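In what follows, a single structure is set out as structure tokens and then discussed.
Protein chains: 4
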Amino acid sequence: MAATTDDRLRLLIERVERLEEEKKGIADDIRDVYAEAKAVGYDAKIMRQIVRLRKMKPDDRAEMEAILDTYKAALGLG
Amino acid sequence: MAATTDDRLRLLIERVERLEEEKKGIADDIRDVYAEAKAVGYDAKIMRQIVRLRKMKPDDRAEMEAILDTYKAALGLG
Amino acid sequence: MAATTDDRLRLLIERVERLEEEKKGIADDIRDVYAEAKAVGYDAKIMRQIVRLRKMKPDDRAEMEAILDTYKAALGLG
Amino acid sequence: MAATTDDRLRLLIERVERLEEEKKGIADDIRDVYAEAKAVGYDAKIMRQIVRLRKMKPDDRAEMEAILDTYKAALGLG
DNA sequence: GGGGCAACAAG
DNA sequence: CTTGTTGCCCC
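Chains as they are written, first to last, in full-length UniProt numbering: chain A, 1 to 78; chain B, 1 to 78; chain C, 1 to 78; chain D, 1 to 78.
This is the structure:
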């Protein structure tokens with residue numbers, strides 16, 4: 001009988017749905033923080049860039065800067 | 001003096017970072033559920049479609065499926 | 001001397017950039033077609049689904065649709 | 001009669017499909033250039049970063065650098 | 001409300 | 001790691 005199988009699928013689906021709801025809630029919280037930041041004069045777009053930069057490992061940031069130099073040198077850019 | 005401003009920025013950034021960590025944790029949980037489903041024989045890709053369909057309002061879903069059928073008929077996609 | 005090396009790099013980079021420009025041009029064309037379709041009453045989102053379905057091999061598509069129906073039945077998604 | 005409508009949809013779909021094929025062809029060409037670059041000793045990953053950097057408008061790059069300074073100052077990073 | 005853009009998920 | 005999809009923000 002298929003009911004057991006069906007229930008297993010349903011349970012898995014419902015777990016996913018619950019988790020996605022939680023995830024959406026957090027995404028909304030993040031949005032709220034940016035809205036609050038904007039309300040006190042910060043630029044949300046720039047804040048996002050900062051968050052991205054802070055997420056990088058220091059070595060990676062250093063490498064990125066080195067690449068920038070390499071590219072400038074090899075391509076003749078100031 | 002800028003310290004107050006800087007702290008306010010830092011606090012906002014750190015709130016975002018904390019929330020993003022939580023969000024990532026949940027995304028990982030979702031991935032785990034799909035992995036578990038796959039391990040017992042379900043097709044994760046199709047499960048995702050189901051989740052998407054269940055997220056829609058019934059009327060919207062019915063309408064979408066009707067349009068899809070219309071287009072399939074028009075293109076000879078039996 | 002590094003000039004030869006630099007030029008070789010520059011040439012490769014420029015070839016990539018030219019190709020990426022072309023690619024972007026075509027992506028814009030695709031966008032235009034969907035916009036035109038929308039203007040005469042078609043649903044672009046569903047058209048994209050059709051394009052995806054037509055890309056699949058008929059057998060694969062049939063199988064996918066069969067599984068999808070099975071899951072829908074199991075979840076009571078009429 | 002629906003045949004005209006159907007043909008219009010089919011024509012639009014086929015235009016999209018043709019364009020997507022072209023796009024894929026160019027993507028393949030790009031891949032080939034990177035493969036060739038790798039074969040003569042360049043690092044494809046770094047080349048991609050260079051391409052990305054060159055894609056930015058100089059002003060944006062300058063702004064990005066300013067943002068980097070701002071973030072370092074406000075967040076106390078070296 | 002639409003179009004462009006950036007994050008997210010899929011392959 | 002790259003591409004396609006989706007949701008968000010600005011216009």
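We treat Cβ as the ideally placed atom computed from N, Cα and C, and that holds for glycine. Keep in mind that this is a model prediction, so the values were computed, not measured.
As the crow flies, the alpha-carbon of B/Glu63 is around 34 Å from that of C/Gly25. Fewer than three Cβ pairs drawn from the region 28-42 of chain C and the region 29-42 of chain D lie within less than 8 Å of each other, which leaves the two stretches out of contact. The shortest C-alpha to C-alpha distance from C/Arg48 to any of B/Leu68, B/Leu9 and B/Met47 is the one to B/Leu68. Against C/Lys55, chain B offers no close residue; the least beta-carbon distance is about 11 Å (beta-carbon pairs closer than 8 Å). Here D/Leu77 has Tyr71 as same chain residues with Cβ atoms under 8 Å from its own Cβ, once five neighbours each way along the sequence are excluded. For A/Arg52, there are no C-beta contacts with chain B under 9 Å, since the nearest C-beta of that chain is about 10 Å from it.
Between the alpha carbons of B/Ala3 and D/Ala66 lies a distance of about 19 Å. Ranked by how close their Cα comes to the Cα of B/Glu14, the residues A/Lys57, A/Ile50 and A/Ala74 have A/Ile50 in first place.
By the C-beta density criterion, A/Leu11 is exposed, having fewer than 16 other C-beta atoms within 10 angstroms. The distance from the Cβ of D/Asp6 to that of B/Ala74 is about 4 Å, consistent with a contact at the 8 Å cut-off.
Interface with chain B (8 Å Cβ-Cβ cutoff): A/Arg61 is excluded. In its own chain, leaving out the 5 sequence neighbours on each side, no residue places its CB closer than 8 Å to the CB of D/Arg8. Its chain contains Tyr34, Ala37 and Lys38 as the residues whose beta carbon lies nearer than 7 Å to that of D/Ala44, once the 5 sequence neighbours on both sides are disregarded; these appear in chain order.
Rounded to the nearest whole angstrom, the CA to CA distance from B/Arg52 to A/Arg18 is 13 Å. Below the 9 Å Cβ cutoff, chain B contributes Ile50 and Leu53 as neighbours of C/Lys72, in chain order. Per DSSP, the continuous alpha helix (DSSP H) segment holding D/Asp60 begins and ends at Pro58 to Leu75. At a cut-off of 8 Å, the C-beta of B/Arg10 has a neighbouring C-beta in chain D.
In the DSSP assignment, B/Gly25 falls within the alpha helix (DSSP H) that extends over Ala3 to Ala39. It is roughly 38 Å from the alpha-carbon of C/Glu22 to the alpha-carbon of B/Lys55. In this structure, the CA atom of A/Pro58 is about 20 Å from the CA atom of B/Val16. Using a Cβ-Cβ cut-off of 8 Å, A/Ile46 counts as an interface residue toward chain D, since at least one Cβ of chain D sits closer than that to its own.
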